[in-house]
Amino acid sequence: MEFQFEWKRTGDILGDFVRLIFLLEEGLERLGAFPEGTLGQKMAQVEGYLQEQDGELVRGLWELIALRNRVIHERAPLSEENLRWASLRVARLLLFLERQGYYHWQELQLALEVLQDFPPPPPFRITVIEPPRAQAPNLPPGNRPLQVPGRSMAARPLELARRVFLWPKPLRRRA
Numbered sequence: 026m027e028f029q030f031e032w033k034r035t036g037d038i039l040g041d042f043v044r045l046i047f048l049l050e051e052g053l054e055r056l057g058a059f060p061e062g063t064l065g066q067k068m069a070q071v072e073g074y075l076q077e078q079d080g081e082l083v084r085g086l087w088e089l090i091a092l093r094n095r096v097i098h099e100r101a102p103l104s105e106e107n108l109r110w111a112s113l114r115v116a117r118l119l120l121f122l123e124r125q126g127y128y129h130w131q132e133l134q135l136a137l138e139v140l141q142d143f144p145p146p147p148p149f150r151i152t153v154i155e156p157p158r159a160q161a162p163n164l165p166p167g168n169r170p171l172q173v174p175g176r177s178m179a180a181r182p183l184e185l186a187r188r189v190f191l192w193p194k195p196l197r198r199r200a
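Oh and the sequence shown: position 139 is 164 in our numbering, straight run, nothing missing.
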């Protein structure tokens, strides 16, 4: 039986983190979590089983889910240390799943090699995106639009506004 692990780290921290979260979701689904649920729902479904086996793993996975929510929803910055920490948590989950029989050892070996590899980030390239040139749309020849009529009696001056005070004047204090 030949196993192939399709994910390799690219050096892009955020992209690698998202792929790491996909690996976490796959592991939770192999434990029996419902595939259409959110990550938190998947974790809650298998939390009892994991807690019974390894409470430290459960605490680390909940912290990883909280980190994922901060990065994805709140746009919090992700550091290299956070990525290494997340990789260790996912590797621990994969080792647990292999002990329980949810992963074949060859498949696990390929996944762990990817989790331990940290390539350098890709080189920065300046990319200039030219805005498209503004053009009027090509309309078919047709009738000209109707002219809006001007104001009648345009030469007549407008009446000045009268200022009407609807509230009483403030009382003056006696000295």
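We put the CB at the ideal spot given by N, CA and C, even for glycine.
Beta carbon of A136 nearer than 7 Å to that of L119: Numbered from 1 along the sequence shown, position 111 holds the residue referred to as residue 136. Numbered from 1 along the sequence shown, position 94 holds the residue referred to as residue 119. Against a cut-off of 7 Å, the Cβ pair of L119 and A136 comes out as a contact.
Residues of its chain near N107, where Cβ-Cβ distance is below 7 Å and the 5 sequence neighbours each way are ignored: In the sequence shown, counting from the first residue as 1, residue 107 sits at position 82. Excluding residues within five positions, the ones whose Cβ falls inside 7 Å are L92.
Distance between beta carbons of A111 and L11, contact taken as under 8 Å: An answer regarding residue 11 cannot be provided, because it is not within the stretch 26 to 200 covered by the chain.
Segment contact, 8 Å Cβ cut-off, at least three pairs: the stretch 38-57 with the stretch 71-82: yes
Length at least 3, wholly inside the stretch 85-113: the beta strand (DSSP E) runs in chain order: none
Alpha carbon of M26 to alpha carbon of R124, nearest angstrom: As a position in the sequence shown, residue 26 is number 1, starting the count at 1. As a position in the sequence shown, residue 124 is number 99, starting the count at 1. Here M26 scores only 49 on pLDDT, less than 50, and its place in the model is too uncertain to base an answer on.
Short Cβ contact (7 Å threshold) for R114 with G80: As a position in the sequence shown, residue 114 is number 89, starting the count at 1. As a position in the sequence shown, residue 80 is number 55, starting the count at 1. No, they are not a contact pair.
Span of the alpha helix (DSSP H) around I46: Residue numbering aside, residue 46 sits at position 21 when the sequence shown is read from its first letter. Segment 38-55, the alpha helix (DSSP H) holding I46.
Limits of the alpha helix (DSSP H) - the one that V139 falls within: Along the sequence shown, one-based indexing puts residue 139 at 114. Looking at the DSSP string, the run of the alpha helix (DSSP H) that includes V139 is 130-141.
Distance CB(I38)-CB(L103) smaller than 7 Å: Locating residue 38 in the sequence shown gives position 13, where the first residue counts as 1. Locating residue 103 in the sequence shown gives position 78, where the first residue counts as 1. Yes, the pair counts as a contact, with Cβ atoms nearer than the cut-off.
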